[in-house]
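See structure below.
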Amino acid sequence: MIQPFYKQRPKLVYEAKDEYANFFQKLCEILATMSLINSIAHRKPFIHEKAAKREAFAWQLIASECF
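Positions -4 to 62 (this note's numbering) are the ones given, in order, by the sequence shown.
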């Protein structure tokens, strides 16, 4: 039996949500990696490197906790 559109919709919404979650998690991981690479490439003083590591950790935390 064919289900009405309104009964099929939640599955599509959940699939879109999962794709968005995966995209956002990958984006946060990329941003974390970029902030670490940026601190290493510019050979900033220790204080700036420590801040970059905190920023990278924050992006990783956002990626892991949000979804």
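Glycine included, each C-beta is placed from N, C-alpha and C at the ideal position.
query, result
"Nearest candidate by alpha-carbon position, reference A58, set N33, K21 and A46", "K21"
"Straight-line gap, N33 to R49 (C-alpha atoms, nearest Å)", "13 Å"
"Cβ-Cβ distance between L26 and A47 below 8 Å", "no"
"Separation of E24 from W54, as counted between CA atoms", "7 Å"
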